[in-house]
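S.K.: Here you go, one structure.
Protein chains: 2
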Amino acid sequence: MDWRDIPSLAALRAFEAAARAGTFSEAARELNVTHAAVAQHVRAIEAQLGTSLLVRAGRGLALTDAGHRLAASLSDGFGMITSGVRAIAADAADRPVAITVTPSFAENWLMPRLAGFWAAYPGLGLSLNPDMDVVDLRRDGFDMAIRYGMGDWPGLEAELLIEADYTVVAAPSLLLGRPAQTLADVQNLPWLFEVVHREARRWVTASGLDMACCQANEVATLSMLLSAVRAGGGVSVVSSALVADDIASGKLIAVMSERREGLGYYIVHPPGTLSARAKTFKKWLLGQTA
Amino acid sequence: MDWRDIPSLAALRAFEAAARAGTFSEAARELNVTHAAVAQHVRAIEAQLGTSLLVRAGRGLALTDAGHRLAASLSDGFGMITSGVRAIAADAADRPVAITVTPSFAENWLMPRLAGFWAAYPGLGLSLNPDMDVVDLRRDGFDMAIRYGMGDWPGLEAELLIEADYTVVAAPSLLLGRPAQTLADVQNLPWLFEVVHREARRWVTASGLDMACCQANEVATLSMLLSAVRAGGGVSVVSSALVADDIASGKLIAVMSERREGLGYYIVHPPGTLSARAKTFKKWLLGQTA
DNA sequence: TTTCATATGTTAGCTGGACTTTCATATGGA
DNA sequence: TCCATATGAAAGTCCAGCTAACATATGAAA
Chain A
423 MDWRDIPSLA
433 ALRAFEAAAR
443 AGTFSEAARE
453 LNVTHAAVAQ
463 HVRAIEAQLG
473 TSLLVRAGRG
483 LALTDAGHRL
493 AASLSDGFGM
503 ITSGVRAIAA
513 DAADRPVAIT
523 VTPSFAENWL
533 MPRLAGFWAA
543 YPGLGLSLNP
553 DMDVVDLRRD
563 GFDMAIRYGM
573 GDWPGLEAEL
583 LIEADYTVVA
593 APSLLLGRPA
603 QTLADVQNLP
613 WLFEVVHREA
623 RRWVTASGLD
633 MACCQANEVA
643 TLSMLLSAVR
653 AGGGVSVVSS
663 ALVADDIASG
673 KLIAVMSERR
683 EGLGYYIVHP
693 PGTLSARAKT
703 FKKWLLGQTA
Chain B
423 MDWRDIPSLA
433 ALRAFEAAAR
443 AGTFSEAARE
453 LNVTHAAVAQ
463 HVRAIEAQLG
473 TSLLVRAGRG
483 LALTDAGHRL
493 AASLSDGFGM
503 ITSGVRAIAA
513 DAADRPVAIT
523 VTPSFAENWL
533 MPRLAGFWAA
543 YPGLGLSLNP
553 DMDVVDLRRD
563 GFDMAIRYGM
573 GDWPGLEAEL
583 LIEADYTVVA
593 APSLLLGRPA
603 QTLADVQNLP
613 WLFEVVHREA
623 RRWVTASGLD
633 MACCQANEVA
643 TLSMLLSAVR
653 AGGGVSVVSS
663 ALVADDIASG
673 KLIAVMSERR
683 EGLGYYIVHP
693 PGTLSARAKT
703 FKKWLLGQTA
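Going down the list, the sequences are from chains A and B. For the first sequence, this note's numbering gives the first residue as 423, with consecutive numbering after it. For the second sequence, this note's numbering gives the first residue as 423, with consecutive numbering after it.
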C-alpha cells in the first residue's frame with residue numbers, strides 16, 4: 423500500500439471530523455485539539471490534493487462537492503477501522519484471564535486460596551496453566567504469569583507477590599523426636615533435592631551441610647519433592663511460602679531459614695494496560711499477601 | 423467519533439503493513455521506516471488492546487486469530503481511505519485549470535496569446551473566468567488568478583508575470599498630427615478615467631496634469647476605456663503591458679511613462695502543490711514574458 | 001447601529017510521539 | 001559452521017503536530 427501520495431492520517435481524521443461537525447471549532451473539541459490544528463490539517467490536504475474541500479459559510483463551513491465525496495469515503499474507512507479495533511478489544515476483555523504458573527506454586531499456594539477468589543468474583547473466569555517452563559507470554563496468549571526468580575525478565579513488568587527464602591524443612595515422622603534447630607541436627611538424615619534447583623543445593627552446602635556423609639536423592643518436580651518431604655522421605659530446602667500452612671500446623675518443622683534479597687514469586691505481564699479483569703485478579707493476588 | 427480508546431493511526435498502519443508483509447523488516451521497507459519503528463507500534467497496539475496480534479514464527483511473524491481479524495478490518499478501512507483520496511486527487515488533476523483574471527487583462531494580453539498555448543498543449547483544458555473582483559480562490563474553486571497589484575495577498579503565493587506602470591496614451595486620430603511627448607502637449611485634450619482606478623488619476627495629477635482645464639470623462643470598465651481610447655475618444659493612463667501591441671504598431675502613442683516598484687500583474691495561487699496541468703500553464707505564462 | 005459571543009485565519013514557537021541508532025539474539029539456508 | 005536476515009530492546013534524536021496568541025469575520029441580540 424503506497425502512502426507517499428496520501429495526506430497524513432491525522433490530517434484526514436481532522437478533515438473528517440470537521441466535515442461531520444460543520445465547524446473547525448466543534449471538530450477540535452471532538453478531537454481534543456485547538457481549532458487551529460484542525461484548520462491547518464484541512465488546508466494542508468487541500469494544498470496537496472489541489473482542490474477545495476471546506477469553505478467558509480457564515481460562521482461555519484460548507485463542504486464542496488469534492489469535500490462531500492472525500493468525507494464519505496473517510497467516514498466509511500475510519501468507521502471500519504474503529505469498529506475492527508473495538509471488536510478485538512471487546513473480545514480480549516471478555517475472555518478468561520490467562521495465567522501461567524509453576525505447578526508447585528499452583529498446588530501449594532494458589533489453589534488453596536482460589537476458593538476465596540471464586541466466592542468474591544463469581545463471574546470472572548480464569549484460565550490457569552501450570553507449566554514449569556518460562557513461556558513467551560505474548561506468543562502463547564497469556565495475560566500474566568506467576569514466576570519464581572529475581573524479577574528481572576526483559577521486556578516485562580514484574581511485581582513482587584511473595585518474597586522467597588531458603589528454608590530447611592523436615593517432617594516430624596523423619597525426626598522421631600530428635601531436636602532439629604541446626605543443620606548439624608539433620609546432617610545425617612536422608613536429603614531430597616529437586617533436579618533443576620541447583621541453587622538450593624549450592625546454598626545448603628555453603629551453609630555447612632556436608633554432602634559426602636549423607637544420602638541425597640533427586641526428584642523431578644517440586645510437587646513430588648514436597649509430597650515426599652511431607653511423608654518423611656527426607657530433609658529438603660524449599661521456599662517457606664509454599665509450606666507456610668504445613669509449618670504453622672506442625673506438619674513440617676522449619677530447621678533454619680535465610681532470606682534472599684530480590685528473590686521471590688512475581689506477578690509478571692507485558693507492559694501496558696491489563697484488561698479490567700486481569701487487573702482485578704492481580705489486585706486480589708496482591709491482597710492475599712498484604 | 424471517539425478516538426480515545428483507539429491506538430494511534432500510525433501504529434495501526436504499521437500493523438496492517440506487517441500483517442500483510444509477514445515481517446517487520448518488509449513492512450518497514452514499504453513504509454520507509456526502520457523495523458524497530460514497526461515493531462514498537464505493533465507491541466504498543468497489543469499492550470493497549472490486551473491481546474497478541476503478531477508472534478514470532480521462524481524468521482518472520484505469524485498472525486494470531488485476533489491479528490487476522492484486525493488486519494482484515496484495517497486493510498478494508500485503509501483501502502477505503504486511500505481510494506477516496508486518490509479519486510479526489512485524480513478529479514482535481516483532470517479538470518480544466520480554473521483561472522480567474524481581470525477582463526481587461528484577458529482581452530488585451532491573454533486572449534491574443536492563448537492560441538499559442540492551445541497549439542502547444544491541445545489536450546490541456548483551461549477555464550478562464552473574467553472577473554473584476556478579487557475572489558476567494560479556495561471558496562470559489564480556482565487553481566490560480568492573474569491579479570493586478572503589489573503581490574502581497576495574505577495566505578497566497580504570488581509570482582510576478584508583468585511589471586506594471588502608468589503610461590499616458592492617446593490615439594493618433596485624437597492628436598491630429600500634434601506633438602505628444604509631454605503632459606503639456608495633451609493637457610487640453612479630453613481625458614478618460616476608469617471609475618475605480620483612482621490611483622491613476624492621482625498619479626497623473628501629481629505628474630502635472632491640471633484637471634480643472636480639461637474635459638474628463640469616467641467609464642465603468644478598463645475594457646470600455648481601452649476601446650474608447652483606441653477610437654480617439656480621449657487620453658488616458660493605462661499599463662503599457664495591456665497596450666504593448668497598440669504602441670508597437672502605432673495605433674496608440676505613448677506620451678509618458680513611469681514604473682512603479684512592485685506593481686504588476688501577478689500569478690497568484692494558494693500555497694502547496696499545483697496540479698501538473700496548472701504548473702504547465704503557469705510555466706507557459708511566465709515564458710511569455712521572459 | 002453597537003455589542004458580544006463564536007467562528008476562521010494566520011504565524012511563531014514548543015514538545016513528545018514517532019522514529020533512528022545501536023547492539024543483542026534468533027532463525028534457517030548454504 | 002558460517003552468514004544473511006530476521007526480531008527484540010533500549011537510549012537518544014527530531015520534526016509533525018500541536019498550542020498560543022492575535023487578527024478578522026459573522027450573525028444574533030440589545
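For every residue, glycine included, the Cβ atom is placed at its ideal position computed from N, Cα and C.
#1: Whose C-beta lies closer than 8 Å to the C-beta of VAL657 of chain A among residues of the same chain, with five residues either side of it excluded?
#2: Using a C-beta to C-beta distance shorter than 8 Å, which residues of chain A count as neighbours of ARG451 of chain B?
#3: Mark SER649 of chain A as exposed unless 16 or more other C-beta atoms lie within 10 angstroms of its C-beta, in which case mark it buried.
#4: Under 8 Å between beta-carbons, which chain A residues line up against GLU468 of chain B? List them in chain order, please.
#5: Any idea if LYS705 of chain B is buried or exposed, counting beta-carbon neighbours within 10 angstroms, 16 or more meaning buried?
#6: Cβ atoms of ILE689 of chain A and GLU581 of chain A: under 8 Å apart, would you say?
#7: Please state whether DSSP places ILE568 of chain B in a helix, a strand or coil.
#8: Alpha helix (DSSP H) containing ARG517 of chain B: first to last residue?
#9: At a Cβ cut of 9 Å, what residues of the stretch 540-551 of chain B count as close to chain A, listed as they run along the chain?
#10: Of the residues A:VAL641, A:ALA666, A:ALA441, which one's Cα is nearest the Cα of GLY655 of chain A?
#11: Using CA coordinates, which residue listed in A:LEU496, A:GLY686, A:ALA698 is at the minimum distance from THR711 of chain A?
#12: Along the alpha helix (DSSP H) that carries PRO534 of chain A, what are the first and last residues, could you check?
#13: Tell me, please, whether the CB atom of TRP706 of chain B is closer than 8 Å to any CB atom in chain A?
#14: Relative to the C-alpha of ALA628 of chain A, which residue among A:LEU598, A:GLU680, A:LEU476 is closest?
#15: Return no unless some Cβ of chain B is closer than 8 Å to the Cβ of VAL507 of chain A.
#16: By Cβ distance, which residues of its chain are closer than 7 Å to ALA528 of chain B, with the 5 residues on each side in sequence left out?
#17: Interface residues of chain A around ARG624 of chain B at Cβ under 9 Å?
#18: DSSP on ASP632 of chain A, reduced to helix/strand/coil?
#19: Assuming LEU707 of chain A contacts LEU583 of chain A (C-beta within less than 8 Å), just tell me the rounded distance between them.
#20: Please confirm if PHE500 of chain B has its CB atom under 8 Å from at least one CB of chain A.
#21: Taking a Cβ distance cut-off of 9 Å, strictly less, list which residues of the stretch 661-689 of chain A are near chain B, in chain order.
#22: Nearest to PHE437 of chain B by alpha carbon, out of B:GLY489, B:ARG478, B:TYR543, B:ALA479?
#23: Contact criterion: CB-CB distance below 8 Å. Does ASP423 of chain B meet it with respect to chain A?
#24: Using a Cβ cut-off of 8 Å, pull out every chain A residue sitting near ASP513 of chain B, in sequence order please.
#25: Does any C-beta atom of chain A lie closer than 8 Å to the C-beta of SER495 of chain B?
#26: What is the C-beta distance between LEU483 of chain A and LEU492 of chain A, in whole angstroms, given that I count them as a contact (C-beta under 8 Å)?
#27: Chain A beta carbons: is any one of them nearer than 8 Å to that of ARG481 of chain B?
#28: Do you know how far the Cα of LEU696 of chain A is from the Cα of VAL659 of chain A?
#29: Among the residues of its own chain, which have a CB less than 7 Å from the CB of THR445 of chain B, if the five just before and after it don't count?
#30: What did DSSP end up calling ASP587 of chain A once you bin it into helix, strand or coil?
#31: For ILE428 of chain B, does the three-state DSSP call read helix, strand or coil?
#32: Just reading off the beta strand (DSSP E) that GLU683 of chain A is part of, what are its end residues?
#33: Which one of B:ARG478, B:LEU644, B:GLY472, B:LEU471 has the shortest CA to CA distance from ALA441 of chain B?
#34: Could you give the DSSP three-state label for VAL660 of chain A: helix, strand or coil?
#35: Which whole-angstrom value is the C-beta distance of SER505 of chain B and MET502 of chain A, which I expect to be below 8 Å?
#36: State yes or no: is the C-beta of SER474 of chain B within less than 8 Å of the C-beta of THR486 of chain B?
M.R.: Checking against the coordinates, here is how it stands:
#1: Your numbering for residue 657 of chain A matches position 235 in the first sequence. So the qualifying residues of the chain are VAL590, VAL591, ALA592, LEU596, VAL608, LEU611, PRO612, TRP613, LEU614, VAL651, VAL677.
#2: Residue numbering aside, residue 451 of chain B sits at position 29 when the second sequence is read from its first letter. Under the 8 Å cutoff, chain A gives no residues; its nearest Cβ is about 12 Å from ARG451 of chain B.
#3: Taking the first residue of the first sequence as position 1, residue 649 of chain A is located at position 227. Under a 10 Å Cβ-count criterion, SER649 of chain A is classified as exposed, with fewer than 16 other Cβ atoms of the shown protein chains found around its own Cβ.
#4: Translated into positions along the second sequence, residue 468 of chain B becomes position 46. In chain order: ARG560, PRO692, GLY694.
#5: The residue you call residue 705 of chain B lines up with position 283 of the second sequence. So LYS705 of chain B counts as exposed.
#6: For the purposes of this step, residue 581 of chain A is taken as residue 159 along the first sequence, with counting starting at 1. For the purposes of this step, residue 689 of chain A is taken as residue 267 along the first sequence, with counting starting at 1. For GLU581 of chain A and ILE689 of chain A, yes; Cβs fall inside 8 Å.
#7: In the second sequence, residue 568 of chain B corresponds to position 146, counting from 1. In the structure shown, ILE568 of chain B sits in a strand (DSSP, three-state: E or B).
#8: Within the second sequence, the letter at position 95 stands for residue 517 of chain B. Neither: ARG517 of chain B is in no alpha helix (DSSP H) and is coded neither H nor E.
#9: none
#10: One-based indexing of the first sequence puts residue 655 of chain A at position 233. Selected option, being the one with the closest Cα: A:VAL641.
#11: Here residue 711 of chain A is taken as the residue at index 289 of the first sequence, counted from 1. The option with the nearest alpha carbon to THR711 of chain A is A:GLY686.
#12: Looking up residue 534 of chain A in the first sequence gives position 112. Residues 533-542.
#13: Taking the first residue of the second sequence as position 1, residue 706 of chain B is located at position 284. Answer no: the Cβ-Cβ gap between TRP706 of chain B and chain A never drops below 8 Å.
#14: By one-based count along the first sequence, residue 628 of chain A stands at place 206. When each option's Cα is compared against that of ALA628 of chain A, the closest is A:GLU680.
#15: For the purposes of this step, residue 507 of chain A is taken as residue 85 along the first sequence, with counting starting at 1. With 8 Å as the cut-off, VAL507 of chain A counts as an interface residue toward chain B.
#16: Position 106 of the second sequence holds residue 528 of chain B. Cβ neighbours of ALA528 of chain B beyond the five flanking positions: LEU550, PRO552.
#17: For the purposes of this step, residue 624 of chain B is taken as the residue at position 202 of the second sequence. Simply none; closest approach about 34 Å.
#18: Taking the first residue of the first sequence as 1, we reach residue 632 of chain A at position 210. Correct three-state label for ASP632 of chain A: coil.
#19: Residue mapping note: residue 707 of chain A aligns to position 285 of the first sequence, counting from 1. Residue mapping note: residue 583 of chain A aligns to position 161 of the first sequence, counting from 1. Confirmed, about 6 Å.
#20: For this step, residue 500 of chain B is matched to residue 78 along the second sequence. It does: the Cβ of PHE500 of chain B has a partner Cβ on chain A nearer than 8 Å.
#21: none
#22: Position 15 of the second sequence holds residue 437 of chain B. Of the candidates B:GLY489, B:ARG478, B:TYR543, B:ALA479, the one whose C-alpha sits nearest the C-alpha of PHE437 of chain B is B:GLY489.
#23: Stepping through the second sequence from its first residue, residue 423 of chain B is reached at position 1. First, the residue type needs correcting, since residue 423 of chain B is Met and not Asp in the sequence shown. Look at MET423 of chain B: its C-beta is under 8 Å from a C-beta on chain A.
#24: Mapped onto the second sequence, residue 513 of chain B falls at position 91. What ASP513 of chain B touches in chain A: THR473, ALA488.
#25: Looking up residue 495 of chain B in the second sequence gives position 73. Yes, SER495 of chain B counts as interfacial toward chain A.
#26: Reading the first sequence from its first residue, position 61 is the one you call residue 483 of chain A. Reading the first sequence from its first residue, position 70 is the one you call residue 492 of chain A. Contact between LEU483 of chain A and LEU492 of chain A does not hold, since their C-beta atoms are separated by about 14 Å, which reaches or exceeds 8 Å.
#27: Taking the second sequence and counting its residues from 1, one reaches residue 481 of chain B at position 59. Closer than 8 Å: no.
#28: Position 237 of the first sequence, counted from the start, is the residue given in the question as residue 659 of chain A. Position 274 of the first sequence, counted from the start, is the residue given in the question as residue 696 of chain A. Cα to Cα, the separation comes out at about 35 Å.
#29: For the purposes of this step, residue 445 of chain B is taken as residue 23 along the second sequence, with counting starting at 1. For THR445 of chain B, where only same-chain residues beyond five positions count, the Cβ hits under 7 Å are GLY482, LEU483.
#30: Locating residue 587 of chain A in the first sequence gives position 165, where the first residue counts as 1. Here ASP587 of chain A sits in strand by DSSP.
#31: Taking the first residue of the second sequence as 1, we reach residue 428 of chain B at position 6. In this structure, ILE428 of chain B counts as coil in the three-state DSSP scheme.
#32: Stepping through the first sequence from its first residue, residue 683 of chain A is reached at position 261. Unbroken beta strand (DSSP E) run through GLU683 of chain A: 675-691.
#33: The residue you call residue 441 of chain B lines up with position 19 of the second sequence. For the residues B:ARG478, B:LEU644, B:GLY472, B:LEU471, the minimum Cα distance to ALA441 of chain B belongs to B:ARG478.
#34: Residue numbering aside, residue 660 of chain A sits at position 238 when the first sequence is read from its first letter. Strand at VAL660 of chain A.
#35: Locating residue 505 of chain B in the second sequence gives position 83, where the first residue counts as 1. Locating residue 502 of chain A in the first sequence gives position 80, where the first residue counts as 1. In fact, because the Cβ distance is near 12 Å, the residues do not count as touching under 8 Å.
#36: As a working note, residue 474 of chain B is residue 52 in the second sequence. As a working note, residue 486 of chain B is residue 64 in the second sequence. Yes, Cβ-Cβ distance for SER474 of chain B and THR486 of chain B is below 8 Å.
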